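A short write-up of the structure that comes next.
Chains as they are written, first to last, in our numbering: chain A, 4 to 219; chain B, 121 to 130.
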């Protein structure tokens with residue numbers, strides 16, 4: 004464990020806290036992409052199958068359960084719970100996620116670490132996580148302006164993988180046989196997708212944390 | 121060799 008990875012996990016947890024607060028206290032999922040939340044649920048449920056046999060630390064196992072539970076709860080609330088479900092707009096949030104899931108599944112089959120079923124599913128989850136934010140970013144583009152809490156949510160989510168990039172650099176230089184090309188590639192793509200958002204987020208928050216983010 | 125056995129990251 005190193006500071007970058009710890010801060011990355013904390014940023015990821017923060018993104019869950021912000022989103023759960025927004026949809027439970029604000030009683031609205033406006034501006035939140037259910038498609039992205041569904042993709043995250045698929046990512047965590049497929050990646051953490053090893054919860055039952057790969058016990059690397061209590062910290063890891065605990066957070067795996069937390070991430071599966073939170074992502075499932077978010078999807079449940081936005082899909083089924085009133086009044087949140089009435090604030091979700093299927094016309095706006097209509098990114099064809101099958102065009103994300105399909106290629107990631109093929110990539111997971113072809114490019115993985117050990118050619119076992121779990122490794123293929125694991126690689127699929129890594130590739131899918133890299134592109135899971137796309138429906139959310141498309142929704143924000145359509146709306147032009149980003150509600151305050153939503154902007155903090157997306158920023159925390161982008162920071163999490165950005166901090167993981169630093170963690171991988173740190174581990175590469177401090178550990179002798181550390182090699183994880185799959186997550187390095189996917190994590191770089193994932194963080195790259197946020198760069199445009201981060202630019203507008205920084206520009207808008209310079210004048211004060213609660214100003215809305217405007218996307219062109 | 122990729123250290124795939126020990127997946128110690130989330």
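Backbone N, C-alpha and C define an ideal beta-carbon position, used for all residues, glycine too.
Keep in mind that this is a model prediction, so the values were computed, not measured.
Closer than 9 Å by beta-carbon distance: list the chain B residues that pair up with residue 3 of chain A, in chain order. Not covered by the structure: residue 3 of chain A. The range shown for chain A is 4 to 219.
State the beta-bridge partners of residue 94 of chain A as determined by DSSP. Residue numbering aside, residue 94 of chain A sits at position 91 when the first chain is read from its first letter. In the DSSP output, where bridge partners are listed per residue, residue 94 of chain A has none listed.
Using a 10 Å radius around the Cβ and a threshold of 16 neighbouring Cβ atoms, would you call residue 170 of chain A buried or exposed? The residue you call residue 170 of chain A lines up with position 167 of the first chain. Looking at its Cβ environment, which holds 16 or more other Cβ atoms inside 10 Å, residue 170 of chain A is buried.
For residue 138 of chain A, which option in A:148, A:179, A:129 and A:96 has the closest C-alpha, if you only look at C-alpha atoms? For the purposes of this step, residue 138 of chain A is identified with residue 135 of the first chain, where counting begins at 1. Cα-wise, what sits closest to residue 138 of chain A is A:96.
Listed by chain order, chain B residues near residue 67 of chain A by CB distance under 8 Å: Locating residue 67 of chain A in the first chain gives position 64, counting from the first residue. Within chain B, the residues near residue 67 of chain A are 130.
Which residues of chain B have a Cβ atom closer than 9 Å to the Cβ of residue 8 of chain A, listed in chain order? As a first step, residue 8 of chain A is located in the first chain; it is residue number 5 there, counting from the start. Result: 129 and 130.
In terms of DSSP beta bridges, what is residue 148 of chain A paired with? Indexing the first chain from 1 puts residue 148 of chain A at position 145. In the DSSP output, where bridge partners are listed per residue, residue 148 of chain A has A:217.
Contact under 8 Å by Cβ, residue 78 of chain A with residue 24 of chain A: Stepping through the first chain from its first residue, residue 78 of chain A is reached at position 75. Stepping through the first chain from its first residue, residue 24 of chain A is reached at position 21. Cβ distance not < 8 Å, so residue 78 of chain A and residue 24 of chain A don't count as in contact.
Which residues, in chain order, does the region 79 to 105 of chain A contribute to contact with chain B at a C-beta distance below 7 Å? none
From A:150, A:72 and A:135, residue whose alpha carbon lies closest to that of residue 32 of chain A: Locating residue 32 of chain A in the first chain gives position 29, counting from the first residue. Considering only alpha carbons, the answer is A:150.
Does the Cβ of residue 125 of chain B have 16 or more other Cβ atoms within 10 Å, making it buried, or fewer, making it exposed? Counting from 1 along the second chain, the entry for residue 125 of chain B is found at position 5. Confidence at residue 125 of chain B is low in this model, with a pLDDT of 49, below 50, so the placement of that residue should be treated as unreliable; the coordinate-derived value is given next. Exposed, because fewer than 16 other Cβ atoms sit within 10 Å of the Cβ of residue 125 of chain B.
Report the rounded CA-to-CA distance for residue 196 of chain A versus residue 215 of chain A, giving the unit in angstroms. Position 193 of the first chain, counted from the first residue, corresponds to residue 196 of chain A. Position 212 of the first chain, counted from the first residue, corresponds to residue 215 of chain A. C-alpha separation (whole angstroms): 20 Å.
Nearest by alpha-carbon distance to residue 90 of chain A: which of A:159, A:34, A:176 and A:147 is it? What you label residue 90 of chain A is simply residue 87 of the first chain in a count that begins at 1. Closest option to residue 90 of chain A, Cα to Cα, is A:34.
Under a Cβ-count criterion, where at least 16 other Cβ atoms within 10 Å of its own Cβ denotes burial, should residue 132 of chain A be classed as buried or exposed? By one-based count along the first chain, residue 132 of chain A stands at place 129. Classification for residue 132 of chain A: buried.
Is the number of C-beta pairs between the region 40 to 55 of chain A and the region 113 to 129 of chain A that are closer than 8 Å three or more? yes
Cut-off 6 Å between Cβ atoms - residues of its own chain near residue 103 of chain A, not counting five sequence neighbours on either side: Walking along the first chain from the start, residue 103 of chain A turns up at place 100. Result list for residue 103 of chain A: 134, in chain order.
Can you tell which of A:62, A:70 and A:42 has the C-alpha that lies nearest to the C-alpha of residue 19 of chain A? The residue you call residue 19 of chain A lines up with position 16 of the first chain. The residue with the shortest Cα to Cα distance from residue 19 of chain A is A:70.
How is the alpha helix (DSSP H) around residue 58 of chain A delimited, first residue to last? Indexing the first chain from 1 puts residue 58 of chain A at position 55. Careful: residue 58 of chain A lies outside any alpha helix (DSSP H) and carries neither H nor E.
Please go through the same chain and pick out, in chain order, the residues whose beta-carbon is closer than 6 Å to the beta-carbon of residue 186 of chain A, but skip the five residues on each side of it. For the purposes of this step, residue 186 of chain A is identified with residue 183 of the first chain, where counting begins at 1. Correct list, in chain order: 129.
Segments assigned alpha helix (DSSP H), at least 4 residues, entirely inside the region 67 to 92 of chain A: 87 to 90
According to the neighbour-count rule (16 or more other Cβ atoms, all chains shown, within 10 Å of its Cβ), is residue 204 of chain A buried or exposed? Counted from its first residue, the first chain places residue 204 of chain A at position 201. Residue 204 of chain A is buried by the Cβ-count criterion.
Look at the Cβ atom of residue 201 of chain A, then the Cβ atom of residue 161 of chain A, and state whether they are nearer than 8 Å. Start at 1 with the first residue of the first chain, and residue 201 of chain A comes out as number 198. Start at 1 with the first residue of the first chain, and residue 161 of chain A comes out as number 158. Cβ atoms of residue 201 of chain A and residue 161 of chain A: closer than 8 Å.
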